[in-house]
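Reading through the structure tokens given below for one structure.
Protein chains: 2
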Amino acid sequence: MFFLKDLPTPDMTSQYARYYAPLEPEQIVDVLTELRRASLLIRDIEAYFRERDFSLLRFLILIIIDRQSDRDYLQFSEIVEKVDVSKPVVTRTIKCMVETGLLSMHGDEADKRIKNYSLTDAGKACIQDLFPGYFKLLGAAAGKSNS
Amino acid sequence: MFFLKDLPTPDMTSQYARYYAPLEPEQIVDVLTELRRASLLIRDIEAYFRERDFSLLRFLILIIIDRQSDRDYLQFSEIVEKVDVSKPVVTRTIKCMVETGLLSMHGDEADKRIKNYSLTDAGKACIQDLFPGYFKLLGAAAGKSNS
DNA sequence: CCTCTTTAGTTATCATGCTAACAAAATAGG
DNA sequence: CCTATTTTGTTAGCATGATAACTAAAGAGG
Numbered sequence: 259m260f261f262l263k264d265l266p267t268p269d270m271t272s273q274y275a276r277y278y279a280p281l282e283p284e285q286i287v288d289v290l291t292e293l294r295r296a297s298l299l300i301r302d303i304e305a306y307f308r309e310r311d312f313s314l315l316r317f318l319i320l321i322i323i324d325r326q327s328d329r330d331y332l333q334f335s336e337i338v339e340k341v342d343v344s345k346p347v348v349t350r351t352i353k354c355m356v357e358t359g360l361l362s363m364h365g366d367e368a369d370k371r372i373k374n375y376s377l378t379d380a381g382k383a384c385i386q387d388l389f390p391g392y393f394k395l396l397g398a399a400a401g402k403s404n405s
Numbered sequence: 259m260f261f262l263k264d265l266p267t268p269d270m271t272s273q274y275a276r277y278y279a280p281l282e283p284e285q286i287v288d289v290l291t292e293l294r295r296a297s298l299l300i301r302d303i304e305a306y307f308r309e310r311d312f313s314l315l316r317f318l319i320l321i322i323i324d325r326q327s328d329r330d331y332l333q334f335s336e337i338v339e340k341v342d343v344s345k346p347v348v349t350r351t352i353k354c355m356v357e358t359g360l361l362s363m364h365g366d367e368a369d370k371r372i373k374n375y376s377l378t379d380a381g382k383a384c385i386q387d388l389f390p391g392y393f394k395l396l397g398a399a400a401g402k403s404n405s
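Chains as they are written, first to last, in the working numbering: chain A, 259 to 405; chain B, 259 to 405.
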């Protein structure tokens with residue numbers, strides 16, 4: 259998805275290069291090649307999590323809370339900013355993660371709008387379970403880029 | 259989306275590198291950096307088409323039919339293979355494109371299962387309209403990668 | 001021919017992304 | 001204080017991706 263199997267061909271660039279003069283055709287081919295590689299890897303990663311009834315976004319949310327060095331929780335808006343996905347998607351995803359026992363919510367006494375989320379033990383275990391396979395996919399991609 | 263705003267940090271690699279020994283931490287950082295760059299560009303591209311009530315997939319379908327050098331049509335299954343998206347998504351997308359007059363369908367007398375699709379004049383015009391902005395986004399990304 | 005398998009494409013259902021519009025709490029400023 | 005604005009997070013609705021299961025036509029083998 260996202261990019262054509264055989265897109266970066268010379269005819270494409272020569273045919274369409276006139277549309278935006280400042281660009282070298284080779285640069286466009288490079289960008290398209292990178293997009294293609296990345297979209298395949300993203301698809302593999304998403305398939306990896308989907309096969310385990312999980313999702314990349316849920317995994318990333320676990321990771322960023324775990325990585326926070328000074329606290330064991332993050333505020334909703336901090337999560338949104340770090341994962342860089344729209345707020346409604348984060349609302350929905352976090353709701354599911356609380357329901358399945360991966361996150362716990364605790365409010366703020368001073369500001370009743372704020373919601374903070376921490377990892378549960380199950381959430382920490384989930385990272386441990388999923389990390390090796392995830393890392394392996396990244397590593398396989400790194401290997402290919404060197405060839 | 260897809261990758262964290264600040265993911266490729268040293269602590270992440272040192273903390274998790276043990277999960278998959280053969281990998282150099284720098285390689286993982288490179289892959290994550292590439293994923294991040296690509297996912298931002300994909301998001302920009304999708305936003306570009308969405309703002310114009312279109313989609314990347316519809317655009318790619320137009321392009322691959324247009325690029326076919328020996329014929330002015332493609333069979334459904336050829337489109338599926340080239341765009342590398344699941345068949346049901348292509349069915350739905352092409353249906354919409356026929357309804358909005360961008361593609362025309364013509365069957366095959368010998369094999370009644372087969373459906374071939376060609377660009378209409380509106381479909382060709384659509385490519386002309388959308389290509390410059392698309393190319394510009396690719397070019398902006400190419401520029402950034404060099405810096 | 002007549003069944004069985006394969007191929008081509010569709011339908012149904014769900015997950016995850018988005019924007020727009022909203023509700024509730026906090027803050028600002030007269 | 002009391003209204004107006006800002007901030008925090010949610011709800012509603014839609015677009016686009018996936019898989020599983022299906023229909024219909026073609027081909028294969030007795």
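Idealized CB from N, CA, C, for every residue including glycine.
- Beta-bridge analysis with DSSP links K373(B) to G365(B).
- Against chain B, the beta carbon of V356(A) has no neighbour under 9 Å; the closest one sits roughly 21 Å away.
- In the structure shown, the three-state DSSP call for L360(A) is coil.
- If you compare the alpha carbons of M355(B), Q333(B), A380(B) and P283(B) with that of D369(B), the shortest gap goes to Q333(B).
- Annotated as proximal: Y331(B) and S376(B), with beta-carbon spacing under 7 Å.
- Listed in chain order, the non-local C-beta contacts of V341(A) below 8 Å within the same chain comprise L315, L318, I319, I322 and V348, local neighbours out to five positions each way being set aside.
- In this structure, E357(A) and E292(B) do not form a Cβ contact; the two beta carbons are roughly 34 Å apart against a cut-off of 8 Å.
- Residues of chain A whose Cβ lies closer than 8 Å to the Cβ of I286(B) are, in chain order, F393, L396, G397 and A400.
- The continuous beta strand (DSSP E) containing Q333(A) extends over residues Y331 to Q333.
- Going by C-alpha positions, M363(B) is about 6 Å away from N374(B).
- Judged by beta-carbon spacing, G381(B) lies within the 7 Å limit of L361(B), meaning their Cβ atoms are closer than that value.
- Look at E292(A): its C-beta is under 7 Å from a C-beta on chain B.
- Judged by beta-carbon spacing, L299(B) lies within the 7 Å limit of A399(B), meaning their Cβ atoms are closer than that value.
- Taking C-beta atoms under 8 Å as the contact rule, T378(A) and G359(A) qualify, at a distance of about 6 Å.
- Here I385(B) is near D324(B), since their CB atoms are less than 7 Å apart.
- A distance below 8 Å between beta-carbons, with the five flanking residues on each side excluded, links I337(B) to the following residues of its chain, in chain order: I319, I322, I323, V348, I352 and Y375.
- Here the alpha carbon of E282(A) sits roughly 11 Å from the alpha carbon of V289(A).
- A straight line joining the alpha-carbon of R294(A) with that of Y392(B) spans about 16 Å.
- Where E304(B) is concerned, the enclosing alpha helix (DSSP H) starts and stops at P283 to E309.
- The alpha-carbon of P390(B) is positioned some 10 Å away from that of G397(B).
- The alpha-carbon of R350(B) is positioned some 15 Å away from that of E339(B).
- The Cβ of V348(A) sits no closer than 7 Å to any Cβ of chain B.
- Linking A383(A) to S344(B) through their CA atoms gives a straight-line distance of about 33 Å.
- DSSP places Q326(B) outside both helix and strand once states are collapsed to three, so it counts as coil.
- Cβ atoms of L388(B) and R310(B) come within 8 Å of each other, at about 7 Å.
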